[in-house]
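Position 232 of the sequence shown, counted from 1, bears residue number 907 in this note's numbering, the numbering being contiguous throughout.
No residue lacks a Cβ here, since even glycine has one placed at the ideal position from N, Cα and C.
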Amino acid sequence: MVTMADVARMAGVSTATVSHVLNGTRPVRARTRELVLSAVAATHYTPNTVARSLATARTTTMGLVLSAISNPYFGELLSAAETAAAAAGYTLLLVDPHEDPDYELTVVTRLHHHRVDGMVLAPSARPEAALAYLARHEVPTVLLDRLIDPAHDQVGTENREATAALTSHLAEHGHTRIGLVTGLAGLATTTERRDGHRDALAACGLRVDPELEVGGSSATETARVAVHQLLALDDPPTAIVAANNSMTIGVMQALREAGLRVPRDVAVAAFDDFAWAELFSPRLTVVAQPFREIATTAVELLLRRIADPGTPPATRRIAPAVRIRESCGCPP
């Protein structure tokens, strides 16, 4: 088995110099660096990452705890986070707690036992046990998407004003009965988007009608059933806001099943854009989250926390974009 000493002998340098070249721990002259890298290539040397982690107390791995990875938005977050981590020389370990607080604690514990240097966590509706574990063991942590605790670093979208913008836009089209399909109960994003919807109703002089708020549990099928519940009301809504992209699909399915046309019979606006939103007929009016910036910021905050555990926690709210298309009633 080729060792670092073998590489050093071939390059004519010390083992310390080889280590500095491979780990970037100290500047090395360009010619010396070339000799070391050539020797590495010639000997097919592979660094012993286990030994390195024991020596440095770092594994250059990050845990990403992310539920509902089948959701296109979270899939985009995952891809962007992996790219940002790789650029920093880190490997991302992904686990899906399936929105289960008990399993969330289990996977957080497992990642800790695998000695990840830190974790990015999209917290469940009841994350207290997982957060207490992370705090007790002083694991560098960044909360992603669902902003719940300013004592932690956290990054996500501005939800309340963005949802208010959707509802206000529908009211400007003359709608006074605007339904809302909400996400999974207890999530910070669910509460913020519901509050934004209510803010807009109040600002437009419209009454908040509890009958017009139905739970979609952030899932397609649940949202489909919830919309049929709305349509069965004596005075059904003429417009609907879907609070995430999975539920938007359920909303559109239910309206089609009811023989209703969008936007002529019922207008639709939704939180989350996705690659095929423009393929719907009509094209969907949405709030588009800046997933790349969110994920990159989360990784940057975690790297900062790993490097300096005593730095004050930061909360980053990144503004999304409202994309007006035709499902709200606007012309093409």
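Three-state secondary structure assigned by DSSP to residue i
i, result
"Ala-763", "coil"
"Gly-1076", "Absent from the model: residue 1076. The displayed extent of the chain is 676 to 1007, so no value can be given."
"Ile-969", "helix"
"Leu-822", "coil"
"Asp-681", "helix"
"Ser-814", "It is worth fixing the name first, because residue 814 is Val in this sequence and not Ser. Looking at Val-814 - three-state DSSP - the assignment turns out to be coil, as it is neither helix nor strand."
"Ala-996", "strand"
"Leu-935", "coil"
"Gly-750", "helix"
"Val-693", "helix"
"Val-688", "coil"
"Ala-950", "coil"
"His-844", "helix"
"Glu-757", "helix"
"Glu-1001", "coil"
"Val-725", "Because Val-725 carries a pLDDT of 46, less than 50, the predicted location of this residue cannot be relied on, and the following value inherits that uncertainty. Residue state, collapsed to three classes: helix."
Cβ-based burial, residue i [other Cβ within 10 Å; buried from 16]
i, result
"Val-961", "buried"
"Arg-939", "exposed"
"Ser-893", "buried"
"Pro-1006", "exposed"
"Leu-977", "buried"
"Arg-931", "exposed"
"Ser-754", "exposed"
"His-844", "buried"
"Glu-792", "Here residue 792 is Asp; the residue named in the question, Glu, does not match the sequence. Result: buried."
"Ala-691", "exposed"
"Leu-739", "buried"
"Arg-835", "buried"
"Glu-803", "exposed"
"Ser-713", "exposed"
"Leu-855", "buried"
"Pro-772", "buried"
"Ser-1002", "buried"
"Thr-857", "buried"
"His-812", "exposed"
"Ser-956", "exposed"
"Thr-972", "buried"
"Ser-694", "buried"
"Pro-798", "buried"
"Gly-890", "buried"
"Ala-741", "The question names Ala, yet the displayed sequence has Leu at residue 741. It is buried - the Cβ of Leu-741 has at least 16 other Cβ atoms within 10 Å."
Enclosing beta strand (DSSP E) for residue i [first to last residue]
i, result
"Val-962", "960-963"
"Arg-801", "Careful: Arg-801 lies outside any beta strand (DSSP E) and carries neither H nor E."
"Phe-946", "942-946"
"Leu-739", "736-740"
Run of the alpha helix (DSSP H) containing residue i, from where it starts to where it stops
i, result
"Arg-708", "705-718"
According to DSSP, residues forming a beta bridge with residue i
i, result
"Asp-983", "DSSP output for Asp-983 lists no bridge partner at all."
"Val-856", "Val-889, Ala-917"
"Thr-832", "Ile-993"
beta-carbon residue i near the ligand ZN non-hydrogen atom, thresh 7 Å
i, result
"Val-682", "Ligands in the displayed structure: none, and consequently the ligand ZN is not present."
CB contact below 8 Å: residue i versus chain B
i, result
"Arg-991", "In the structure shown, chain B cannot be found, because there is only a single protein chain."
*Continuous beta strand (DSSP E) assignments of at least 3 residues falling wholly in the segment 860-902*: List check, beta strand (DSSP E) in window: 888-890.
_Segments of 3+ residues assigned as beta strand (DSSP E) that fall wholly inside the segment 899-933_ = With a minimum length of 3 residues, the continuous beta strand (DSSP E) runs that stay inside the segment 899-933 are 914-917.
*With a floor of 4 residues, list each alpha helix (DSSP H) that falls wholly inside the segment 768-797, ordered by position along the chain.*
If we require 4 residues or more, the alpha helix (DSSP H) runs fully inside the segment 768-797 come out as 776-788.
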